[in-house]
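Asks:
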Amino acid sequence: MLDAKTLRTALQEVSRTMTANRQYLIELDQRNGDGDLGISMDEGFAAASAFLDASAETDLGKLFVGMSKAFNEAAPSSLGTILSLYMMGAARVLKGRETADTAALGEALTAGVAKIMERTGSKPGEKTVLDALDPAARALSEHAAEGASAALQAAAMAARAGSDSTAAMKAVHGRAAYYGDKAIGLVDGGSIAGALLFEALARVANQ
Amino acid sequence: MLDAKTLRTALQEVSRTMTANRQYLIELDQRNGDGDLGISMDEGFAAASAFLDASAETDLGKLFVGMSKAFNEAAPSSLGTILSLYMMGAARVLKGRETADTAALGEALTAGVAKIMERTGSKPGEKTVLDALDPAARALSEHAAEGASAALQAAAMAARAGSDSTAAMKAVHGRAAYYGDKAIGLVDGGSIAGALLFEALARVANQ
Amino acid sequence: MKKIINKPANFVDEVMEGIVAAYGDRVRFLNGDRRILLSNTPVREGKVGIVTAGGSGHLPVFLGYVGQGMLDGCAVGNVFASPSAERMANTIRACDRGNGVLCLYGNYGGDNMNFDMACEMVELEDDIQTRTVRVKDDVASAPAAEASRRRGVAGMVYAFKAAGASAAEGRTLNEVAQVAQKALDNIRTMGVALSPCIVPEVGKPTFSIAENEVEIGMGIHGEPGIEVRPMMTADAVVDLMLDKLLADLPLEAGSKVSVMVNGLGATPKEELLIAYRRVHQVLSGKQVQLVMPYVGEFATSMEMAGFSLTLFKLDAELEALLRAPASTPFFTNENI
Amino acid sequence: MKKIINKPANFVDEVMEGIVAAYGDRVRFLNGDRRILLSNTPVREGKVGIVTAGGSGHLPVFLGYVGQGMLDGCAVGNVFASPSAERMANTIRACDRGNGVLCLYGNYGGDNMNFDMACEMVELEDDIQTRTVRVKDDVASAPAAEASRRRGVAGMVYAFKAAGASAAEGRTLNEVAQVAQKALDNIRTMGVALSPCIVPEVGKPTFSIAENEVEIGMGIHGEPGIEVRPMMTADAVVDLMLDKLLADLPLEAGSKVSVMVNGLGATPKEELLIAYRRVHQVLSGKQVQLVMPYVGEFATSMEMAGFSLTLFKLDAELEALLRAPASTPFFTNENI
Ligand SMILES: Nc1ncnc2c1ncn2[C@@H]1O[C@H](COP(=O)(O)OP(=O)(O)O)[C@@H](O)[C@H]1O
Ligand SMILES: Nc1ncnc2c1ncn2[C@@H]1O[C@H](COP(=O)(O)OP(=O)(O)O)[C@@H](O)[C@H]1O
Ligand SMILES: [Mg+2]
Ligand SMILES: [Mg+2]
Ligand SMILES: [Mg+2]
Ligand SMILES: [Mg+2]
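Chains A, B, C and D, in that order, give the protein sequences.
Counting from 1 along the first sequence, just add 585 to a position and that's the residue number in the numbering used here.
Counting from 1 along the second sequence, just add 585 to a position and that's the residue number in the numbering used here.
Counting from 1 along the third sequence, just add 41 to a position and that's the residue number in the numbering used here.
Counting from 1 along the fourth sequence, just add 41 to a position and that's the residue number in the numbering used here.
1. Would you call the segment 74–84 of chain D and the segment 125–137 of chain D touching, i.e. three or more CB-CB distances under 8 angstroms?
2. Between threonine 713 of chain B and ligand 2, is the CB less than 7 angstroms from at least one heavy atom?
3. Cβ of phenylalanine 248 of chain C less than 8 angstroms from any chain A Cβ?
4. Judging by CA-CA distance, which residue of C/Pro265, C/Val117, C/Val323 is the nearest neighbour of leucine 286 of chain C?
5. Taking one C-beta from the segment 632–639 of chain B and one from the segment 57–65 of chain C each time, how about it: are there three or more such pairs within less than 8 angstroms?
6. Pick helix, strand or coil for isoleucine 793 of chain A, following the three-state DSSP scheme.
7. Looking only at its chain, what residues have a beta carbon closer than 8 angstroms to the beta carbon of isoleucine 46 of chain D, apart from the 5 residues adjacent to it on each side?
8. Let me know the secondary structure DSSP gives lysine 755 of chain A once reduced to three states.
9. Any contact between the segment 236–255 of chain D and the segment 737–752 of chain B? By contact I mean 3 or more CB pairs, one from each, below 8 angstroms.
10. Hey, is alanine 761 of chain B close to ligand 2, as in C-beta under 7 angstroms from one of its heavy atoms?
11. For methionine 345 of chain C and asparagine 227 of chain C, what's the separation of their Cα atoms in angstroms?
12. For isoleucine 315 of chain C, which residues in the same chain have their Cβ closer than 6 angstroms to its Cβ, ignoring the five residues on either side in sequence?
13. Within a Cβ cutoff of 6 angstroms, which residues of the same chain sit near isoleucine 611 of chain B, ignoring the five residues on either side of it in sequence?
14. Taking 7 angstroms as the cut-off, does the CB of glycine 118 of chain C come closer than this to any heavy atom belonging to ligand 3?
15. Going by the C-beta, is phenylalanine 619 of chain B closer than 7 angstroms to any heavy atom of ligand 2?
16. If you measure beta-carbon to beta-carbon, which residues of the segment 122–138 of chain D are closer than 7 angstroms to chain B?
17. In the DSSP assignment, find the alpha helix (DSSP H) that holds aspartate 627 of chain A and state where it starts and stops.
18. Is threonine 695 of chain B buried or exposed, if buried means 16 or more other CB atoms sit within 10 Å of its CB?
19. Closer than 8 angstroms is the cut-off here; do at least three beta carbon pairs connect the segment 177–194 of chain C with the segment 206–224 of chain C?
20. Any residues in the segment 147–165 of chain C with a beta carbon nearer than 7 angstroms to a beta carbon of chain A? Which ones, in chain order?
21. Assuming alanine 195 of chain C contacts asparagine 303 of chain C (C-beta within less than 8 angstroms), just tell me the rounded distance between them.
22. Counting pairs of beta carbons, one from the segment 708–715 of chain A and one from the segment 603–618 of chain A, are three or more of them closer than 8 angstroms?
23. Would you mind telling me which residues of chain C sit closer than 9 angstroms to arginine 704 of chain A, beta carbon to beta carbon, in chain order?
24. Under 8 angstroms Cβ-Cβ, which residues of chain C neighbour tyrosine 317 of chain D?
25. On the DSSP letters alone, give me the boundaries of the beta strand (DSSP E) that glutamate 268 of chain D sits inside.
26. What residues from the segment 589–618 of chain B come within 7 angstroms of chain D, judged by C-beta to C-beta, listed N to C?
27. Does any residue of chain B bring its CB to less than 8 angstroms from the CB of glycine 118 of chain D?
28. Is serine 576 of chain A near ligand 1, in the sense that its beta carbon is under 7 angstroms from a heavy atom of that ligand?
29. Of the residues A/Arg607, A/Ser707, A/Leu670, A/Val698, which one's Cα is nearest the Cα of arginine 723 of chain A?
30. Once you ignore the five residues that flank asparagine 155 of chain D on each side, which residues in its own chain have a CB closer than 8 angstroms to its CB?
31. For lysine 265 of chain D, would you say it is in contact with chain B, using Cβ-to-Cβ distances shorter than 8 angstroms as the test?
32. So that I know if they touch, is there some Cβ in chain C lying closer than 8 angstroms to that of glycine 306 of chain D?
33. Whose C-beta lies closer than 7 angstroms to the C-beta of aspartate 152 of chain D among residues of the same chain, with five residues either side of it excluded?
34. What residue ranges within the segment 701–734 of chain B form continuous alpha helix (DSSP H) runs of no fewer than 4 residues, ordered along the chain?
35. For arginine 69 of chain C, write down the residues that DSSP places opposite it in a beta bridge.
36. With the cut-off set at 8 angstroms, would you say serine 734 of chain A and asparagine 791 of chain A are in Cβ contact?
In structure tokens:
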């Protein structure tokens with residue numbers, strides 16, 4: 586069951602994961618971007634987690650808004666901004682709730698994906714973070730009945746599979762687009778951050 | 586016997602020698618200077634030689650003045666300027682003569698050395714080109730009676746020995762002075778240019 | 042990593058402190074926020090504000106153009122990273138004098154998204170009118186058919202100048218936005234890079250360029266260019282760049298142009314002048330008139346070696362705007 | 042060799058052509074001689090001339106200071122090499138307006154010898170009065186006891202400015218020479234280098250600096266410094282430089298100083314500002330007042346990385362001279 590406390594624990598694990606993968610994400614972004622991906626994921630999730638640690642708020646919607654703002658303040662890079670849009674989209678669904686079951690979380694994250702698509706004009710299949718976030722949200726909703734742990738496990742697997750599938754795609758957004766065909770064969774760094782995010786959530790749900 | 590024609594031949598050989606040693610002199614100067622020595626010797630002597638090739642003048646003094654000016658135009662580096670002072674000093678002795686025997690040449694080059702010392706405040710023993718030019722002029726005068734070829738051979742050997750002796754000296758002038766004790770053990774690049782000059786003259790006299 | 046820095050994480054803050062230490066009479070932080078720089082120069086009542094924002098590491102872009110006759114304020118992010126929407130919104134708020142604010146900035150994903158959010162915020166929360174003009178001058182970053190995807194590079198300096206002068210004249214927000222767009226329609230840039238640069242927090246180069254190669258069309262964050270070529274002479278590089286630029290922005294005989302030869306950071310002024318010499322030869326040969334040369338460092342990528350070439354085709358209005366006085370701690374056209 | 046050049050042998054000539062292509066309205070060659078640059082700015086009748094000369098490869102030094110309120114003319118040689126005495130003499134002749142010419146230049150063997158010859162020539166052949174003031178501001182190049190052996194580096198820019206302003210005021214040759222010397226007595230510089238540079242005709246670096254090392258006190262042609270140190274933080278480097286400089290030129294509480302943080306060529310402006318920040322912290326802490334900051338590239342060594350720090354201690358006269366207007370294609374204090 587998602588509430589302020591489990592959200593806090595979850596974000597701590599996500600933040601640790603991004604710190605551990607900072608150098609890896611930098612190197613991924615250096616192949617077809619500017620190399621800041623590891624920095625922004627590390628700093629963005631650290632800020633979101635720090636915000637939760639410091640907040641006495643219990644409304645999940647307000648917590649998601651706060652995370653979104655903290656994330657954008659700390660990491661206003663392309664992906665950072667996209668992830669703060671994601672949280673903002675989810676916040677609308679969670680507004681007024683102190684707890685959310687897995688189905689509600691699935692609904693919220695689906696709204697987050699929609700928010701990204703609306704604001705960036707991107708859609709899945711374009712070699713971006715959406716290729717991880719979109720299948721993850723779908724899997725979460727589909728497997729909601731199996732409980733949080735199983736559903737997040739499925740979401741993590743879907744995110745990773747989605748991320749893997751970006752290797753074959755051609756980028757049309759962001760810096761990677763300037764690489765054209767040269768980046769075909771390379772997995773999108775943002776989608777890997779998406780996979781890492783859901784893998785961290787799955788680990789927490791499993792504990 | 587030095588006259589306009591032999592002077593021309595001599596400078597052609599000197600110029601060829603400096604071209605052949607351009608890279609070597611650059612590398613010498615790079616150890617404790619700025620690396621331009623090879624460029625300035627190559628270009629300076631080429632200009633002096635070109636001046637002689639183009640001049641119909643027969644007065645040796647005027648030819649030395651012309652060489653001095655051409656040299657300074659083409660190579661106004663420290664050593665280039667010093668060598669044009671050298672030629673200017675020699676010119677005063679040769680003024681009004683169309684020929685000069687070895688004794689007169691010895692006298693002229695001694696005046697050249699004096700001119701350098703007067704204008705730079707330097708003296709032999711300070712790890713400079715003077716350590717080649719001064720012994721060479723002395724040897725030329727001492728061996729003048731033995732004929733041009735033998736005297737220039739002696740001058741070349743004296744220049745080379747003088748140059749070798751600079752390795753043990755500490756530089757007090759020019760860029761090398763900034764290297765202080767670090768340059769002890771290194772032969773002075775300018776003195777090597779001096780030795781190459783007299784070795785070329787000796788070769789010409791031997792033909 | 043060979044940089045004159047302290048802790049890499051403090052790089053941007055310390056640069057900002059350096060700017061205010063040196064030029065505190067003419068620029069200031071907004072409420073102590075070391076990522077927002079405002080001009081102290083008094084301006085006419087109700088002047089339209091001009092604001093930009095973007096990643097750090099490109100000085101004088103962007104901060105260096107805050108001052109008289111150019112920008113009113115600027116927010117910066119970390120090296121090569123956008124500042125947050127909140128900071129952009131704060132900058133817009135601080136620069137509004139009741140007649141709205143032009144957001145004039147380079148076309149990069151993060152900056153676009155954050156500026157869009159910022160404009161939404163100030164419109165909703167503060168009733169501040171904004172207009173957005175994105176700089177997309179880099180012809181190497183996309184073909185003409187997809188010009189809206191192009192990146193903004195050194196040409197933005199000309200756009201800051203033109204927009205700044207028109208705002209200083211007292212024009213309306215719409216007029217200032219129009220003039221900025223008109224200037225940009227007449228501005229094209231292309232760059233070449235010889236060596237990479239290092240993001241301080243990353244600590245090593247993002248990419249490499251072989252010792253005997255030149256990256257034609259590389260972007261100011263190391264975005265790949267059109268092609269990698271064996272090292273060429275200055276004249277050959279300039280000719281190649283001019284070909285691309287003129288294909289996109291034809292200059293008829295008799296037209297007037299200001300040319301910017303912009304060093305990316307490590308390229309000596311001597312080399313920029315050798316490049317300018319060639320541009321002058323080629324364009325003069327086409328009976329194009331060169332005025333107000335910009336030769337120097339206007340938009341850099343820290344210690345990257347290379348340069349960009351910008352053409353700014355002038356009509357009478359644009360020329361007058363370019364000639365209007367401007368003075369910031371990093372730029373003045375008093376001697377251009 | 043990664044340079045934006047054509048034939049290395051044409052390097053200097055093409056730079057000069059670039060300067061005249063860009064700034065031909067304000068500077069010109071003397072009778073087509075591409076090694077002598079003269080100012081076109083009209084000056085008062087009988088103004089004392091100010092002339093400098095030296096090797097190429099240091100832009101804006103020396104050519105960049107030819108213009109209003111600074112130098113009347115400048116002769117340059119090949120990269121890092123003196124021009125000939127004849128060219129110096131021609132420059133002096135062109136800049137004399139009947140009241141003599143100050144020869145103000147860096148203390149280097151070749152320049153010294155050639156300027157001495159040139160002064161002799163114009164005095165004997167043309168009855169032109171000259172005075173010589175040599176710039177010897179580099180504290181790292183010799184101890185204070187042997188200050189006459191010191192090299193001239195970036196501090197010469199301040200000397201050009203002070204002498205130029207005093208000549209523009211209409212002072213006599215002796216007075217101008219005196220003021221140049223007085224300025225120099227209050228100017229000290231020290232540099233550090235992080236990477237070497239390449240003389241185009243040589244084609245490879247004259248010296249090397251290890252990846253993790255910094256050359257403390259290195260000269261602008263790569264003359265060795267005081268010591269080679271493991272790479273240090275910006276603050277530590279600045280502190281070390283300030284210690285040396287202040288030992289030579291003490292600044293009491295209440296004194297006023299203009300500080301120049303001069304990039305040697307490849308060092309980004311960001312880093313220069315980080316260094317300025319530290320200078321400002323330290324000197325402000327000593328109650329020294331910092332005015333008119335010079336942060337940028339004023340005297341370079343082509344693509345060398347590193348920077349120099351110059352202190353110019355001001356009294357009322359020197360401050361007024363520093364504030365007097367100056368404008369050249371490469372420099373103006375309008376925004377300093
Ligand atoms: N328009 C977009 N829509 C969706 N995702 C995007 C878009 N642009 C970039 N991304 C994602 O962001 C990642 C790059 O993020 P980041 O490194 O922050 O970008 P940058 O450094 O170019 O600002 C990409 O790997 C991609 O997944
Ligand atoms: N004051 C001096 N007196 C005599 N010889 C000198 C003096 N200064 C330099 N030299 C000679 O000149 C040589 C260096 O010449 P050069 O490379 O032209 O100097 P730079 O490049 O420093 O101007 C030295 O090796 C030395 O022999
Ligand atoms: Mg990135
Ligand atoms: Mg030398
Ligand atoms: Mg980025
Ligand atoms: Mg030299």
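Glycine included, every Cβ here is placed at the ideal spot set by N, Cα and C.
A quick note: this is a predicted structure, and the numbers were derived from the prediction, not measured.
Replies: With the structure as the only source:
1. yes
2. yes
3. yes
4. C/Val323
5. no
6. Nothing about residue 793 of chain A can be reported from this structure: the residues present for chain A run from 586 to 792 only.
7. Phe52, Glu55, Pro241
8. coil
9. no
10. yes
11. 27 angstroms
12. Ala275
13. Gly620, Gly623
14. no
15. The question names phenylalanine, yet the displayed sequence has aspartate at residue 619 of chain B. Yes.
16. Ala122, Ser123, Pro124, Ser125, Ala126, Glu127
17. 622–639
18. buried
19. no
20. Gly150, Gly151, Met154, Asn155
21. 4 angstroms
22. no
23. Met154, Asp157, Met158
24. Gly59, Ala62, Ala63
25. 268–271
26. Ile611, Gln615
27. yes
28. Limits of chain A in this structure are 586 at one end and 792 at the other, which puts residue 576 of chain A out of reach.
29. A/Val698
30. Ala94, Ser123, Pro124, Ser125, Ala126, Met129
31. The question names lysine, but residue 265 of chain D in the sequence shown is proline. It does: the Cβ of proline 265 of chain D has a partner Cβ on chain B nearer than 8 angstroms.
32. yes
33. Ala94, Gly95, Ser123, Tyr146
34. 715–727
35. C/Leu79
36. yes
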